[in-house]
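A.B. asks: Per the numbering used here, the very first residue in the sequence shown carries number 22; after that it's consecutive.
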Amino acid sequence: MAKARTETAPTLPYHTYDVRKVVTELKTDTEDGLTSQEIKSRTEKYGANQMSGEGGVSPWKVLLRQLLNYLTVILIIAMCVAFSAKDWVEGGVIAFVIILNTTIGFFQEYRAEKTMDSLRKMASPTSHVIRDGNQIHISTTEVVPGDILLFENGDVIGADCRLFESFNLEVDEALLTGESVPVPKTLDLVQDPEEPIGDRRNMVYASTTVTKGRGKGIVTATGMDSEIGKIAKRLIESETSGKTALQRSLDKMALVLFGLAIILAIIVFAVNKFKISEDIAIYAISVGIAVIPEGLIAVVTLTMAAGVRNMAHNKAIVRQLSALEALGSVTNICSDKTGTLTQSKMVLTKAYLPGDGYYNVSGTGFTPEGEIHQLGELSGEELGAISMSGPGPEARQITQDNMSTTLKRMIQVSSLCNMAIVKKDKNTDQWVGIGDPTETALQVFATKLGNGKPSLTKEKSLFDIHAEFPFDSTVKRMSVVYTEGDSGKHIAFLKGATERVVECCSRMRVGDKEVAVEKKEELMQMIGSKVDQLASNGLRVLSLAYRYIEPQLSETHPDYWEREQVDKNMVFLGLVGIYDPPRAESKDAVRECYKAGIRVHMLTGDHPATATAIAREVAILPADYSADKEGPRLVMTATEFDSLSDSEVDALPQLPHVIARCSPDTKVKMIEALHRRNKVAAMTGDGVNDSPSLKIANIGIAMGMGGSDVAKNASDIVLTDDNFSTIVRAVEEGRRIFANIQKFVLHLMSTNVSEIIALIIGLAFIDNDGTSVYPMSPVQILFLNMVTSSPPAMSLGLELANPLTMRVPPRPTRRGLFNYEAIADIVLYGAMMGLIALADFIIVVYGFGNGSLGTECNRSYSDSCDEVFRARGTVFTTLTLLFLIHAYNCRSLRQPQWLPKSWKGLFENKALVGSFTLGVILIFPILYIPYLNTDVFKHKALTWEWGVVAVSVVIFIVFSELYKFVKRRFLENKVIVMDENDEEEQ
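#1: Pick out the complete alpha helix (DSSP H) segments inside the segment 152–240, 4 residues or longer, and give them in chain order.
#2: Compute the Euclidean distance between the alpha carbons of MET529 and SER187, then round it to the nearest angstrom.
#3: At what residues does the alpha helix (DSSP H) containing GLU65 begin and finish?
#4: Rounded to whole angstroms, what's the CA-CA distance from LEU676 to VAL670? Just pull it up for me.
#5: Within 8 Å, do at least three Cβ pairs link the segment 866–875 to the segment 926–940?
#6: What are the boundary residues of the alpha helix (DSSP H) that includes GLU520?
#7: So GLY473 is in the alpha helix (DSSP H); what residue range does that whole segment cover?
#8: For my contact list, PHE765 and GLY818 are in at a C-beta cut-off of 8 Å; report their separation, rounded to the angstrom.
#9: Report back the beta-carbon spacing between GLY598 and LEU555 to the nearest angstrom; my notes put them in contact at under 8 Å.
#10: Specify, as a first and last residue, the run of the alpha helix (DSSP H) that LYS551 falls within.
#11: What are the residues that DSSP puts in a beta bridge with TRP452?
#12: Is the Cβ-Cβ distance between MET367 and ASP601 less than 8 Å?
#13: Ordered along the chain, which non-local residues of its own chain (more than five positions away) have a Cβ less than 8 Å from that of ILE432?
#14: Among TYR38, ALA814, ASP711, GLU638, which one has its Cα closest to the Cα of GLN763?
#15: Evaluate SER881 with the Cβ neighbour count: other Cβ atoms within 10 Å of its Cβ, from every protein chain shown; 16 or more gives buried, anything less gives exposed.
#16: Please state whether the Cβ-Cβ distance between ARG340 and ILE738 is less than 8 Å.
#17: Only counting the same chain, and skipping five residues up and downstream in sequence, which positions put a Cβ closer than 7 Å to that of ARG788?
#18: Use the C-beta contact count for PRO203: other C-beta atoms within 10 angstroms, 16 or more gives buried, fewer gives exposed.
#19: If you follow the beta strand (DSSP E) that ASN381 is part of, which residue opens it and which one closes it?
#20: Once you ignore the five residues that flank PHE980 on each side, which residues in its own chain have a CB closer than 8 Å to its CB?
#21: Suppose you measure from the CA of HIS149 to the CA of HIS696; what does that come to, to the nearest Å?
#22: What's the C-alpha gap between ARG756 and ASN930?
#23: Apart from the five residues just before and just after ASP209, which ones in its own chain have a Cβ nearer than 7 Å to its Cβ?
#24: How far does the beta strand (DSSP E) with LEU596 in it extend, from its first residue to its last?
#25: With which residues is LEU563 paired in a DSSP beta bridge?
#26: Three-state secondary structure (DSSP) at SER356?
#27: Can you tell me where the alpha helix (DSSP H) holding LEU759 begins and where it ends?
#28: In chain order, what residues of the same chain have a beta carbon less than 7 Å from the beta carbon of LEU216, not counting five sequence neighbours either side?
#29: So, are the CB atoms of ASN773 and PRO80 less than 8 Å apart?
#30: Does DSSP put LEU317 in a helix, in a strand, or in coil?
#31: Starting from the C-beta of GLU820, find all residues in its chain whose C-beta is less than 7 Å away, skip the five residues before and the five after it, and write them out in chain order.
#32: Which partner residues does TYR503 have in the DSSP bridge list?
#33: Determine the contact status of THR625 and THR359, defining contact as a CB-CB distance below 8 Å.
#34: Whole angstroms is fine: what's the gap from LYS961's alpha carbon to MET274's?
#35: So, is CYS886 buried or exposed, given that buried needs 16 or more other C-beta atoms within 10 angstroms?
#36: With C-beta atoms as the reference, is LYS66 less than 8 Å away from ILE169?
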């Protein structure tokens, strides 16, 4: 036993090996375990038993990414040029902007980048192992292949193991398989190498939890080689560095602006014949500043941060800021059913007894209140009508006094073949259910007629537990044996999947009689039609049976009874239908998706008929949908869908709207199919096994109430209420945020264009020394960009959603910020503001002045510069007001803002009203405070020039309304509003 196993992995998975072969393969000993020498060599060979990623989140890498942002780089260059020209004010302001932008971006990104952290924390802190013949506790990170692991109820298993001892061992593997029911373990050989993880009964896996019993196993895989490690690998491999359309648009814009700044600087130098003085350098810097929207990065990040807060208030926690943009492009939502579209509150609503017909059970939740009515034999349509309207007056109400002996027996089976508890909480005085939701629903049903488990076993002492055979997913049934208090006889109760219960039955209860069943196929055929009727009404169907135990068997000690002996010759009793009601808001939310051009898919583990019924109820399928109708198959099972090749899936006219019996691999296949169709998909999930599909989806949405940490950290958004309608609200918020980003980018860029036009054309203003006199000073430009423009831009980021936001198709993913309309708006609005500013400068200097541009008016004030300083004050005031007014233009790119009928909406955005008011107020101290005006801003207070400003404002408002009118006339047919009844594939 001195050496570790060879490098080569086994040719077949360990679940296909008997224990002796596993021992040989791993060179270990089931009694003594590994030696200290072997532990050391295997630790060196396999490494620590932990998840590995990219070394955690590096703050330095995050910071570097922020500094290498294109716009930040341009600002850094501008700052360096400003400082080199000894323009300390301008350089200091730019430095402040860089620090602000970087700080905001750093903390937002640093908090978001922790996808792998929960994987590292999921392993149990210690493990119980056998080494050198001794049982010891060690850190789970020290476990190596070949170790002998011991575990018992409550333990988190530290590594993948092949079992060689098992005593009533059951393990919760929901994190890997999605199955909420614990898996009973055996030592039997599993022959199929491709057997799904959930059916490998002789194996246990890292990070799963023992819920019952105890066992021993040989460690076969640790760390990244374990099953949970393989999921971690897939998460790492699916990491991409691709940028969103918004990021690409901003990057392209930054590159264009960088190139434009260089070109404009060259133009400035060329006009001055490349005689570069300090004044000329400052003018070139001024042009560069005018090109760059200094506040853009901060406004984008803060707007998204505000969106994150809004979504958190609406029960959606955003983990990745880029998800906000992607939400606006979502075309398909793949949602789970239980708990997301439905309430995850199982309620027994129907029962069927041969001879008696159907029963209707009313009531909700865990409260054992409600009425039970006997309906008799009904067709599927009649049963559905009862579900909608309730039992009619002809229905017979059942009480404890008038219920038949057959119904009483059904209630006994529901109550006693059951591990759940229904009780009243002493603190809240509310009824609560403890245990499996399905069993809880059965227990509530029994309690409604006064036959709950405590009543039958303790209060009335009618039954005494004798033996129990818990639910086993391999046989899909549970059975118990009780002793009847009155007769002393042993009676067995059985519940489970219909096909598995029928195969145990040799008789059937019809009324008060037990009728022999000659062929089980005939029983299945008869019962099967009732199962389909119940399932087609959205119910999960279970079958119940019972029998009295033969005397010779009842004399045997219960510990020696076997399930096979008990679960035979049963009397088929009847069916129960359990309902997980849809959330009240789900149907409206799905319809809202269709109005928004978004297709909803339901991926569930339910029976196809049940899934179809629920899908019809929540409008995922048409109300009259039937699989028998001609047209695309909208409902498939996972087996059917997975059997299709990629080309066959791509050839489907529509992807299925419902996939039943869905597995994690099916979810991945669905997302990949949507990607091939150039769709933007959102996927919901809650288990570790859902992590790959959450990661490869455009937007992964994890369930916050019961989901695993791995699923949450693999996702972009976490729902705190697990509610589908929250997803729809998130999509609406994403659309609103992107629309608002487009609005304030339009505002910032068009104001920059106006400054560029004024400065470049202003090169033609030559003073007595042959130097260009700039129409705006550098400090004026910085003030306009940072103080005047940025607050309204941030206010535009807080605009409420347009009423049509969820009535138009999703934005194409390839479309960034700058479509043709946006570019035209930027150029035309910017050109108009810039030309108006230039006209004001010319009017003041040449129209009402003597046309003198003075001497060295770029540096300081003198009497010869009076008209230039007045003209600069006029340009500054005009542009300030135009920038503020233009913010209102940007609220709606096509609808009027300044006509009387629109005045009411001017005060809707309180933040914009505040920023507008502040911008207007700040004009006066900057114009009229001595020294601040002439020495810092290099302009003078206005007198008669206010008339020029007023005319300029009126001209701009008229231009804005005429421009929007023309756009509406030419583009009114470009807005496509989705019809509520539109059913085509989006």
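Virtual Cβ for every residue (Gly too), placed ideally from N, Cα, C.
C.D. replies: Reading it off the structure:
#1: For the segment 152–240, whole alpha helix (DSSP H) runs of length 4 or above, ordered along the chain, are 195–198.
#2: Going from the Cα of MET529 to the Cα of SER187 covers about 37 Å.
#3: It spans 57–67 - the alpha helix (DSSP H) in which GLU65 sits, taken as one unbroken run.
#4: Whole-angstrom Cα-Cα distance: 7 Å.
#5: Taking a contact to require three or more Cβ pairs closer than 8 Å, the segment 926–940 and the segment 866–875 do not qualify as touching.
#6: First-last of the alpha helix (DSSP H) with GLU520: 519–523.
#7: DSSP places GLY473 outside any alpha helix (DSSP H), giving it a letter other than H or E.
#8: At roughly 6 Å, the Cβ-Cβ gap stays under 8 Å, so PHE765 and GLY818 are in contact.
#9: About 4 Å; that satisfies the 8 Å criterion.
#10: 541–556 is the span of the alpha helix (DSSP H), which, as asked, contains LYS551.
#11: Paired residue(s): LYS445.
#12: Closer than 8 Å, so yes.
#13: Cβ within range, chain order: MET424, PHE466, ALA467, LEU470, ASN472.
#14: Relative to GLN763, the option among TYR38, ALA814, ASP711, GLU638 whose CA is nearest is ALA814.
#15: Classification of SER881: exposed, given that the 10 Å Cβ count is below 16.
#16: Against a cut-off of 8 Å, the Cβ pair of ILE738 and ARG340 comes out as a contact.
#17: Residue identity differs from the one stated: residue 788 is Asp in this sequence, not Arg. Non-local C-beta neighbours of ASP788 in its own chain, meaning closer than 7 Å and more than five positions away in sequence, comprise VAL794, LEU874, GLY875, THR876, CYS878, ordered along the chain.
#18: PRO203 is buried by the Cβ-count criterion.
#19: It spans 378–382 - the beta strand (DSSP E) in which ASN381 sits, taken as one unbroken run.
#20: Taking PHE980 as the centre and dropping the five residues before and after it, the same chain places the C-beta of MET853 closer than 8 Å to its C-beta, in chain order.
#21: Distance between HIS149 and HIS696, taken at the CA atoms: about 46 Å.
#22: Each residue's Cα considered, the two are about 18 Å apart.
#23: Once the five neighbours on either side are set aside, the close Cβ partners of ASP209 are ARG222, ASN223.
#24: Counting along the chain, the beta strand (DSSP E) containing LEU596 begins and ends at 591–600.
#25: LEU563 is bridged by DSSP to VAL597.
#26: Here SER356 carries a strand assignment [DSSP, helix/strand/coil].
#27: In the sequence under discussion, the amino acid at residue 759 is Phe, which differs from the Leu named in the question. Secondary structure note for PHE759: its alpha helix (DSSP H) is the uninterrupted segment 745–782.
#28: It should be noted that the sequence gives Glu, not Leu, for residue 216. Here the set comprises HIS36.
#29: With a cutoff of 8 Å on beta-carbon distance, ASN773 and PRO80 are scored as not near each other.
#30: Secondary structure at LEU317: helix, using DSSP grouped into helix, strand and coil.
#31: Taken in chain order, the residues that qualify are ASN761, LYS764, ARG912, ASN930.
#32: For TYR503, which the question treats as bridged, DSSP gives the partners ILE486, ILE512.
#33: Contact: yes.
#34: If you draw a straight line from the Cα of LYS961 to the Cα of MET274, it comes to about 35 Å.
#35: Here CYS886 is buried: its Cβ has 16 or more other Cβ atoms, across all protein chains shown, within 10 Å.
#36: Going by C-beta atoms, LYS66 is not nearer than 8 Å to ILE169.
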